[in-house]
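Quick note, the sequence shown lines up with residues 30 to 258 if you use our numbering.
Backbone N, C-alpha and C define an ideal beta-carbon position, used for all residues, glycine too.
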Amino acid sequence: MIEFTDVTKSYSVGTRALKGVSMQIEDGEFVYLVGPSGSGKSTVIKMITGELKPTSGTVHVNGYSLEKIRKREIPYLRRTVGTVFQDFRLIQNKTVYDNVAFVMRAIGAREREIRERVPYVLNLVGLDTKTRRHPGELSGGEQQRLAIARALVNNPSTIIADEPTGNLDPARSLEIMSLLMEINNLGTTMLVVTHEKHLVERFHKRVISIDDGLIVSDGMDGYYRYENQ
Ligand code: ADP
């Protein structure tokens, strides 16, 4: 579960990025986070991944309290949260298989586990026939599928996707959003930051709208509330 209670965040230069944000995301939910540039979306994400601490208020993420987490606990928090970005962030000189295996090795997984788990997630994202290719030999949609496989492989309870379709054409965007929903249906909590209004409106999901550091709407009634603010 992710829970923000009256969270504020001031950066050292004095910007108040969050001005009292409260929200709760239950295990297994699918939530869109929308809002204009500079509204505080990245600040919210960085708190969930333990990169930033709140200035005041409390943030609880999958059993960890951000305001009192110790430095050595942060890697354990991060294992509960997989991340997917607009720019894929793949390792260009590793194969598809090794891009995914690498993140299991990084947490000390055994080779036997890796040999079982990597093909499973590559099959889930539809890349099982391309395991020996390098990222440069994949389409944009395939690269994002690989990034999703990598986010998933250590079995996090939550995935955060930050503008995951920002570099893709409309058809590929729809496929990626559908894949994120399939993964959510298998039980992973999904938080998707996006500007793509048509995609948000196409799927009847919870939408949290943030503007100028405050949540301005939160519900199933869609993106239009954000435009009307
Ligand atoms: P979004 O992701 O919605 O574009 P951000 O969370 O990045 O918004 O930014 C929220 C506000 O905080 C903006 O006014 C931005 O300029 C400011 N901000 C973000 N990061 C920093 C930083 N490292 N130092 C100072 N101000 C920042």
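**Asked** For K38, which of helix, strand or coil comes out of DSSP?
**Response** Locating residue 38 in the sequence shown gives position 9, where the first residue counts as 1. The DSSP-derived three-state label of K38 is strand.
>> Please report the distance separating the alpha-carbon of G79 from that of V42.
In response: Within the sequence shown, numbered from 1, the residue matching residue 79 stands at position 50. Within the sequence shown, numbered from 1, the residue matching residue 42 stands at position 13. Taking C-alpha positions only, G79 is separated from V42 by approximately 21 Å.
- Where the beta carbon is closer than 6 Å to any heavy atom of the ligand ATP, which residues qualify, in chain order? This structure simply doesn't include the ligand ATP; it includes the ligand ADP instead.
task: Look at the Cβ atom of K75, then the Cβ atom of E96, and state whether they are nearer than 8 Å.
output: Counting from one through the sequence shown, the residue named residue 75 turns up at place 46. Counting from one through the sequence shown, the residue named residue 96 turns up at place 67. Their beta carbons are not under 8 Å apart, which means K75 does not touch E96 by this criterion.
*Please name the residue or residues paired with S94 in a DSSP beta bridge.*
The sequence position of residue 94 within the sequence shown is 65, counting from 1. According to DSSP, S94 bridges with H89.
Worksheet item: Are the CB atoms of V110 and V150 nearer to each other than 8 Å?
Response: Position 81 of the sequence shown, counted from the start, is the residue given in the question as residue 110. Position 121 of the sequence shown, counted from the start, is the residue given in the question as residue 150. No, the Cβ-Cβ distance between V110 and V150 is not below 8 Å.
Discussion item. Once DSSP output is grouped into helix, strand and coil, what is the label at G169?
Written reply: Position 140 of the sequence shown, counted from the start, is the residue given in the question as residue 169. Three-state DSSP puts G169 in a helix.
### Query
Which residue's Cα is closest to the Cα of L228: L62, Q53, F33 and S39?
Position 199 of the sequence shown holds residue 228. Ranking L62, Q53, F33 and S39 by Cα distance to L228 puts L62 first.
Check: Quick one, are the C-beta atoms of E192 and H163 less than 8 Å apart?
Finding: Here residue 192 refers to the residue found at position 163 when the sequence shown is read from its first residue. Here residue 163 refers to the residue found at position 134 when the sequence shown is read from its first residue. Taking the C-beta atoms as reference points, H163 is found no nearer than 8 Å to E192.
Exercise. For F117, does the three-state DSSP call read helix, strand or coil?
Worked result: Within the sequence shown, residue 117 is the residue found at index 88, counting from 1. F117: coil per DSSP, three-state reduction.
Please name the residue or residues paired with M52 in a DSSP beta bridge. Along the sequence shown, read from residue 1 onward, the residue named residue 52 stands at position 23. According to DSSP, M52 bridges with F33.
Margin query: Quick check on the DSSP output: what are the complete alpha helix (DSSP H) runs of length 4 or more inside the stretch 123 to 191, in order along the chain?
Written below: Counting only runs of 4 or more, we get 125 to 135, 140 to 153 and 169 to 181.
Next item on the list: Could you check what DSSP says for Q258 in three-state terms: helix, strand or coil?
Entry: Here residue 258 refers to the residue found at position 229 of the sequence shown. In this prediction, Q258 scores a pLDDT of 47, lower than 50, which makes its location untrustworthy; the coordinate-derived value is nonetheless stated afterwards. Q258 sits in coil when the DSSP states are folded into three classes, being neither helix nor strand.
Under the three-state reduction of DSSP, which class applies to R78: helix, strand or coil?
Start at 1 with the first residue of the sequence shown, and residue 78 comes out as number 49. With the sequence shown as reference, residue 78 is identified as Thr, and Arg is not the correct amino acid for it. Coil at T78, not helix or strand.
Beta carbon of V50, beta carbon of I244: below 8 Å? Taking the first residue of the sequence shown as position 1, residue 50 is located at position 21. Taking the first residue of the sequence shown as position 1, residue 244 is located at position 215. The criterion of a C-beta distance shorter than 8 Å is satisfied by V50 and I244.
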